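A short write-up of the structure that comes next.
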Amino acid sequence: MVKGIHRPTRAIINLGAIKRNIINELERLDSRVSLFAVVKADAYGHGAVEVAQAAVAAGASGFCVAVLDEAIELREAGFDVPIIVLGIINPAYLQLVSRYRLSVTAPSNEWLLAAEEAYYEFQLTEKIPVHVKIDTGMGRIGFIDKKEMTKANDYLASSPVFELEGLYTHFATADTVDETYFHLQQQRFAEARQLFPEAIKYVHTANTATALWHDAWGSNMVRFGNAMYGLNPSGTELTPPYQLEEALSLETELLHVKQLKKGEHIGYGADYETQDDEWIGTIPVGYADGLRRSFSGYSVLIDGREAAIVGRICMDQCMIRLPEKYPLGTKVTVYGKNGGRFNSIQKASEYIGTINYELPCNLSERVPRIYVDL
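Numbering follows this note's numbering, with no gaps: position 65 of the sequence shown is 65.
Spelled out as structure tokens, the structure:
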């Protein structure tokens, strides 16, 4: 998708906020615990390469991504730190894993055998670092049977193909007040841990929530994701141990302004009817940019004042009810600060009934990312 550089809609990414969020977390961690920045999904919509640069500058030791192409992008951008691919990679791409010096997830013995076959087929020579994934209760990917875990450990102990570099799991409820299920997953991982060697380079159970509220339990490496971008993985249920700074703002400008008489209708379906003579502004942002139609009624900010979105959000534009007439080009803030007021991504996510992770990820490629370091 082409970037809309010739219109005023843009996402402003404050790399300084990302750095400070990382530094604050590093100050809490034991010095023996590494922090890997999670930059999957284009760094949660913030821009993978730019965020990765900021993360390393702040002290991150490596990166976690979800798919192979994300890891390749980082290597081709010049990063030489460890990169772990958390998703399952088709063994047919093992040549790329070796070429780009990546660590990969081993989710099953079947995968290990298929990957070994590909290793010899491609005549590779360097061992492939693997992180064995234990499914302690997410029900997603990974080993669940202790016999299969033992089989994997025995296989890896003598394998000329793989290096057992990591062992990990993912907690499903580390961001909730009720710790019952979290403790069950802890127990399951502790039992699995006993089946593998004591000396493993990276043992990582700590996603962001586990790092924030459970002292990075069982980990010598933290996968630091949502909080790096200033977003609370718990929403509002738990309070972070330090102030998180949101890194992303979404801004645009008034493109058109008109006064409509009482009783006029606005937008597809003529859903909104003016209750009085109203100043209506049009802004160039719509659902093709990631502003979902369910944001109808949500208040954006202009001149430090609220202006509700009226009518259905269109693909490329939406209309807002202005508190008074404003000149064309006046800044309008969807997420972020404006005139002393703040529209948080958390507030916006609650309005449409989703989690804060989703909104920056929803921003389409058409919205340019502008980087500042403040």
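Where is the CB? At the ideal position from N, CA and C, for every residue including glycine. As the structure is a prediction and not an experimental result, all values here were calculated from the model.
- Secondary structure at phenylalanine 196: coil, using DSSP grouped into helix, strand and coil.
- Counting C-beta atoms within 10 angstroms of its own C-beta, threonine 180 has fewer than 16 neighbours from the protein chains shown and is therefore classed as exposed.
- Separation of isoleucine 84 and alanine 48 (C-alpha to C-alpha, rounded to the nearest whole angstrom) is 14 Å.
- When the beta-carbon positions are compared, glycine 353 and glycine 304 stay at least 7 Å from each other.
- Contact between valine 332 and asparagine 343 does not hold, since the beta-carbon distance rounds to 10 Å and is not under 8 Å.
- Note on histidine 6: under 16 other CB atoms within 10 angstroms of its CB, so exposed under the neighbour-count rule.
- According to the DSSP assignment, lysine 331 belongs to the beta strand (DSSP E) that extends over 331-338.
- CA-to-CA, the gap between glutamate 163 and leucine 112 works out to about 11 Å.
- The continuous stretches of alpha helix (DSSP H) do not include serine 249, which lies in the beta strand (DSSP E) extending over residues 248-253.
- By the beta-carbon neighbour count (other beta carbons within 10 angstroms, threshold 16), glycine 311 is buried.
- In this structure proline 368 is not in contact with histidine 46, their Cβ atoms being roughly 13 Å apart against a cut-off of 8 Å.
- Here glutamine 346 carries a helix assignment [DSSP, helix/strand/coil].
- Rounded to whole angstroms, the separation of the alpha carbons of isoleucine 22 and asparagine 153 is 34 Å.
- When DSSP states are grouped into helix, strand and coil, lysine 3 belongs to the coil group.
- Judged by pairs of C-beta atoms under 8 Å, the region 230-247 touches the region 204-217, as three or more such pairs exist.
- Using a C-beta cut-off of 8 Å, the region 118-126 makes no contact with the region 141-152, since fewer than three inter-stretch Cβ pairs fall below that distance.
- Under the DSSP assignment, proline 129 falls outside any alpha helix (DSSP H), being part of the beta strand (DSSP E) whose first and last residues are 128-133.
- For threonine 208, the enclosing alpha helix (DSSP H) covers residues 208-213.
- Inter-segment contact for the region 210-230 and the region 293-302 is absent: fewer than three beta-carbon pairs are separated by less than 8 Å.
- Apart from the 5 residues on each side of it in sequence, glycine 286 sits with its Cβ closer than 8 Å to the Cβ of Ile313, Cys314, Met315, Asp316, Gln317, Cys318 in its chain, given in chain order.
- Per DSSP, the beta-bridge partners of leucine 260 are Glu278.
- Note that the C-beta distance between isoleucine 18 and tyrosine 371 is not below 7 Å.
- For the pair isoleucine 89 and leucine 68, the CB atoms are nearer than the 7 Å cut-off.
- Taking C-alpha positions only, glycine 166 is separated from valine 130 by approximately 6 Å.
- Buried is the label assigned to glutamate 251, since at least 16 other Cβ atoms lie within 10 Å of its Cβ.
- Assignment of cysteine 318 by DSSP, reduced to helix, strand and coil, places it in the strand class.
- According to the DSSP assignment, valine 39 belongs to no beta strand (DSSP E), since it is labelled neither H nor E.
- By the Cβ-count criterion, threonine 136 is buried, with 16 or more other Cβ atoms from all chains shown falling within 10 Å of its own Cβ.
- The region 87-121 is shown to contain whole beta strand (DSSP E) runs of 3 or more residues at 103-106, in chain order.
- Per DSSP, the unbroken alpha helix (DSSP H) holding leucine 74 starts and ends at 68-76.
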